[in-house]
Amino acid sequence: LVERLHLDFVRAGAKFDAGAQKRYAAIMGRLAELTTTFSQNVLGDETAFTLLLSHSDLSGCPPDLVAAARQAAAERDMAADDHVITLSRSLVEPFLTFSDRRDLRERAWRAWTKRGELDPQRDNHPIMREILKLRAEQAGMHGYASFADYQTADTMAQRPARVMELLENVWGKAKVSANAERQALEEFVASHAAEGDEAVDIQPWDWRYYAEKVRQSRYNFDEVELKPYLSLEA
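Pasting the structure below:
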C-alpha cells in the first residue's frame, strides 16, 4: 500500500521542481478539459443527428423501437406521426439490427461511425492531436519514451510490446471468427434471395441485420420476444 501511494505521488509530479510541477499541472488540467470536450462533442453529435422516418421506413422495426423513435420525435416537437432515429445507442443499434431498409441502415451507420466529426463545431480531430501531444509531453517528464510506455509501466503488461502481443494473438482468432460469421451471413443471404435478385455484398451496416436473421433461423431465437421477460421493471 505504501509503495502504491508513493507511486501515485510520483506520478502526480511530487518529485518535480517548482517549474516542472507548474507545467505538469497545466498539462493535466488541459487534458481534463480536452477529454471532457471530446466526450461532449460525441454526445452532441449523438443527440443532434436525426434520421426522420415515415411509416413505410419503419419496416422490420419492433414495436418498442417504433415507440422509442416516436418518443424521440416528440421530444424534438415534431409532428404527431413523425419518428426519428438518433445516434443514441438505444436507438441506433436496434435500428441497425431490425430495419429492413438497407439504405437507411447505411445512413445511420455512417453517421454513427462519424460521431465527433459530423459538425465542424464538434470536430474531435484537433482535440485528439492536442491530447496526443500533451500525453507525449507528460510521459517524457516522467522519463518514458512514449505515453504507451508510461501507461503500461504500472500494469501487469509492464511494456507496450506485451500489450501488442496479446492484441495480435486475440486479433488473429477474432478475424477467423469474423470471417466464419461473414460466410454464414453470405450463405443465408444467398439461400433466401429470390430469383433475379441482385447479389448482396455484406457491408458493415448489414452485419447486425443479417446476424439477427441467422440467429432466428438457426436457433428460433427472437430477441424481441425475449425482451419483456428481462424488463428492469419486473
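In UniProt numbering, the protein residues as written are 1 to 234.
Just so you know, even glycine gets a beta-carbon here, dropped at the ideal spot from N, CA and C.
>> If contacts are defined as beta-carbon pairs under 8 Å, then Phe95 and Leu52 qualify, I think. What distance do you get, rounded to the angstrom?
In response: Not a contact, Cβ separation roughly 13 Å.
> CA-CA distance, Asp154 and Leu7?
Replying inline: 9 Å
>> On the CB-based measure, 16 or more other CB atoms within 10 Å of its CB, does His125 come out buried or exposed?
In response: exposed
>> Need the endpoints of the alpha helix (DSSP H) that Leu51 sits in, please.
In response: No alpha helix (DSSP H) contains Leu51, which is instead part of the beta strand (DSSP E) from Leu51 to Leu53.
>> Given this structure, state the Cα-to-Cα distance separating Asp100 from Asp57, to the nearest angstrom.
In response: 8 Å
>> Is the separation between the beta-carbon of Leu43 and that of Ile127 shorter than 7 Å?
In response: no
>> Below 8 Å on the Cβ atoms is my contact criterion, and I expect Cys61 with Phe98 to pass it. Report the Cβ-Cβ distance as a whole number of Å.
In response: 5 Å
>> Can you look up His142 in the DSSP assignment and give me helix, strand or coil?
In response: coil
>> Quick check for students: name the residue ranges of the beta strand (DSSP E) that lie wholly in the stretch 5 to 53, counting only runs of 3 or more.
In response: 51 to 53
> Based on the DSSP secondary-structure assignment, which residues constitute the bridge partners of Val84?
Replying inline: Residue pairing by DSSP puts Val84 in a beta bridge opposite Leu52.
> For the stretch 15 to 35 against the stretch 131 to 146, are there 3 or more C-beta pairs whose distance is under 8 Å?
Replying inline: yes
> On the three-state DSSP scale, how would you describe Glu165?
Replying inline: helix
> So the alpha helix (DSSP H) Gln203 belongs to, where does it begin and stop?
Replying inline: Element bounds for Gln203: n/a, residue is neither H nor E.
> Which residue comes first and which comes last in the alpha helix (DSSP H) that contains Pro120?
Replying inline: Careful: Pro120 lies outside any alpha helix (DSSP H) and carries neither H nor E.
> Cα separation between Asn179 and Leu185?
Replying inline: Straight-line Cα distance between these residues: approximately 10 Å.
> Skipping 5 residues on each side, what residues in its chain have a beta carbon closer than 8 Å to that of Leu31?
Replying inline: Closer than 8 Å at the Cβ level, and outside the excluded window around Leu31, lie Ile131, Leu134, Arg135 and Gln138.
> Can you list, in chain order, the residues of its chain whose CB lies under 8 Å from that of Glu93, leaving out five sequence neighbours each side?
Replying inline: Arg208
> Below 7 Å between beta carbons: does that hold for Ala111 and Phe49?
Replying inline: Going by C-beta atoms, Ala111 is nearer than 7 Å to Phe49.
> Cα separation between Ala234 and Lys227?
Replying inline: Its pLDDT being 47, under 50, Ala234 is placed unreliably in this model, and the value from its coordinates should be taken loosely. Ala234 and Lys227 have their C-alpha atoms roughly 11 Å apart.
> How many angstroms separate the CA atom of Pro63 from the CA atom of Gln121?
Replying inline: 35 Å
> Anyone know if the C-beta pair for Thr152 and Val170 falls short of 7 Å?
Replying inline: no
> Is it the case that the Cβ atoms of Thr86 and Ala72 are separated by a distance below 7 Å?
Replying inline: yes
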